[in-house]
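Letter by letter, the sequence shown follows residues 2 to 331 of the working numbering.
Heads up, the beta-carbon is just placed ideally off N, CA and C, and yes, glycines get one too.
Below is one structure, written out as structure tokens; comments come after it.
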Amino acid sequence: MTTWAYAEQILYVDLGRRTARVEPTPTALKRGYIGGVGFVASLLAEAPSARIVLATGPLSDAMAGRLAMGAVVDGRMVFSSMGGRMAAALKGAGYDAVVIDGRLEHPGVLVLEPEGVRILDGGHLWGLEVPDVARQLYLETGPYWATMVLGPAADHHVPFATMVHEGHFAGGSGVAAALGRTRIKAVMVRDTLLIPSRCTGCDLACPAKLSPNAGRAGDLGLDAPTAERLAALADALIQAGMLPEPIELLTEIAYRRGVGALFSDGEEAALRRLGPEAARFLPLLPPRKRRGGIGIADLLGTCQRVWRERPGEILRSALAATKGLLADAS
Numbered sequence: 002m003t004t005w006a007y008a009e010q011i012l013y014v015d016l017g018r019r020t021a022r023v024e025p026t027p028t029a030l031k032r033g034y035i036g037g038v039g040f041v042a043s044l045l046a047e048a049p050s051a052r053i054v055l056a057t058g059p060l061s062d063a064m065a066g067r068l069a070m071g072a073v074v075d076g077r078m079v080f081s082s083m084g085g086r087m088a089a090a091l092k093g094a095g096y097d098a099v100v101i102d103g104r105l106e107h108p109g110v111l112v113l114e115p116e117g118v119r120i121l122d123g124g125h126l127w128g129l130e131v132p133d134v135a136r137q138l139y140l141e142t143g144p145y146w147a148t149m150v151l152g153p154a155a156d157h158h159v160p161f162a163t164m165v166h167e168g169h170f171a172g173g174s175g176v177a178a179a180l181g182r183t184r185i186k187a188v189m190v191r192d193t194l195l196i197p198s199r200c201t202g203c204d205l206a207c208p209a210k211l212s213p214n215a216g217r218a219g220d221l222g223l224d225a226p227t228a229e230r231l232a233a234l235a236d237a238l239i240q241a242g243m244l245p246e247p248i249e250l251l252t253e254i255a256y257r258r259g260v261g262a263l264f265s266d267g268e269e270a271a272l273r274r275l276g277p278e279a280a281r282f283l284p285l286l287p288p289r290k291r292r293g294g295i296g297i298a299d300l301l302g303t304c305q306r307v308w309r310e311r312p313g314e315i316l317r318s319a320l321a322a323t324k325g326l327l328a329d330a331s
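Quick look at the structure:
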């Protein structure tokens, strides 16, 4: 049977002041919001200004984990989530959630451990692509970390930037761009549980979700479906003689230079810049990325597939946990 459990601590990090504090996870938060994206939404709602939240769910360390994340962008909440071992590592470090406020004066790497928080210099990593950052951090810090990396797209505040963790991607909704604005280049969590790089405790094979441009987009920290659609639009405009041939379009989008700079703020902004004539090519493009809504798996901190294939096991664990919470409240 899976274990329904909380780390019972929330970590608050103020980047501007370079301070951190830990507070107990309130029982009311657990009873009212369960975990995962529920915690993210509640903690974002408390924020007087921009804030980023990472949160685990009650099942994040028992089976295929999912890290929920969110930010306030242009006055509205945006959400994303990521598979892999980040959620389990975060809970293993002792935190149900991490709340990030403020902004660093210089680029840095946020390091989270059971003993507390450190910020490493990240100036030499700024502007580097994802594989280069991951490789350099491995050389500098060793193997015992779950690491979430931003590429040049987030460094340059591309709104459909993503965060990358061992082949898992998240943040095309705007969360990664928000994290890039804080000048964080990577988040590293001490992997005290020595979790395999595959999703925690999961023996299910995930289907491939790659598009033709996914590999290059991932290296740059770009959302692959969005990048693929923009690349198709750019190609149509080039073939029609409306744009010059770029050197390497996705690179130029991520670094906001050359032809790619026209597309760095997304499709709607590109069409405004290019004029109404460009809109006639829209029917030729790949379909827009479909973003699913928030589901029970996002609250539990486990992947959708595990929830679909093992609902009885999860519901039994939830029932036991509910009885425990009710007993605590009485």
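From the options, pick the residue whose C-alpha is nearest to that of residue i; which is it?
i, options, result
"G17", "T4, R52, G296", "R52"
"L244", "T252, P25, A89, A235", "A235"
"G175", "L275, V159, A89", "V159"
"G109", "G267, T252, R184", "R184"
"D224", "F170, G242, L285", "F170"
"L286", "V79, P226, R136", "P226"
"A228", "L283, D192, G267, A29", "G267"
Enumerate in chain order the residues of its own chain whose CB-to-CB distance from residue i is below 6 Å, with the five nearest sequence positions on each side excluded.
i, result
"V188", "L111, M149"
"F264", "L231, I254, A271"
"A8", "K92, G95, Y96, D97"
"L250", "A232, A235, G261"
"G172", "S81, T163, M164"
"A21", "V14, V118"
"R217", "L251"
Hey, could you find the ends of the alpha helix (DSSP H) residue i is sitting in?
i, result
"S43", "38-46"
"E114", "Segment 109-114 is the beta strand (DSSP E) holding E114; no alpha helix (DSSP H) there."
"P284", "No alpha helix (DSSP H) contains P284, which DSSP labels as neither H nor E."
"R22", "Taken as a continuous stretch (DSSP letters only), R22 belongs to no alpha helix (DSSP H), being part of the beta strand (DSSP E) at 20-25."
"L263", "Here L263 belongs to no alpha helix (DSSP H), and DSSP marks it neither H nor E."
"A131", "In the sequence as presented, Ala is not what sits at residue 131; that position holds Val. Counting along the chain, the alpha helix (DSSP H) containing V131 begins and ends at 131-142."
With a threshold of 16 other CB atoms inside 10 Å of the CB of residue i, please say whether the residue is buried or exposed.
i, result
"Y145", "exposed"
"L140", "exposed"
"D102", "buried"
"R136", "exposed"
"D122", "exposed"
If I measure Cβ to Cβ from residue i and keep anything under 7 Å in the same chain, skipping five residues before and after, which residues do I get?
i, result
"L300", "I35, G36, G37, V38, G39, G58"
"G124", "H107, P108"
Within a Cβ cutoff of 8 Å, which residues of the same chain sit near residue i, ignoring the five residues on either side of it in sequence?
i, result
"G33", "G39, S43"
"D62", "T4, A6, A88, A89, K92, G93, L194, T201"
In terms of residues, what are the limits of the beta strand (DSSP E) holding residue i?
i, result
"L30", "Run containing L30: none in the beta strand (DSSP E); it sits in the alpha helix (DSSP H), 28-34."
"G71", "68-74"
"D122", "117-122"
"A6", "It is not in any beta strand (DSSP E) - A6 carries neither H nor E in the DSSP assignment."
"K186", "185-191"
"D156", "First-last for D156: 153-156, but that is the alpha helix (DSSP H), not the beta strand (DSSP E)."
"R77", "77-83"
"I53", "53-56"
Check whether the region 146-157 and the region 121-136 are in contact - that is, three or more C-beta pairs closer than 8 Å.
yes
Counting pairs of beta carbons, one from the region 104-123 and one from the region 61-80, are three or more of them closer than 8 Å?
no
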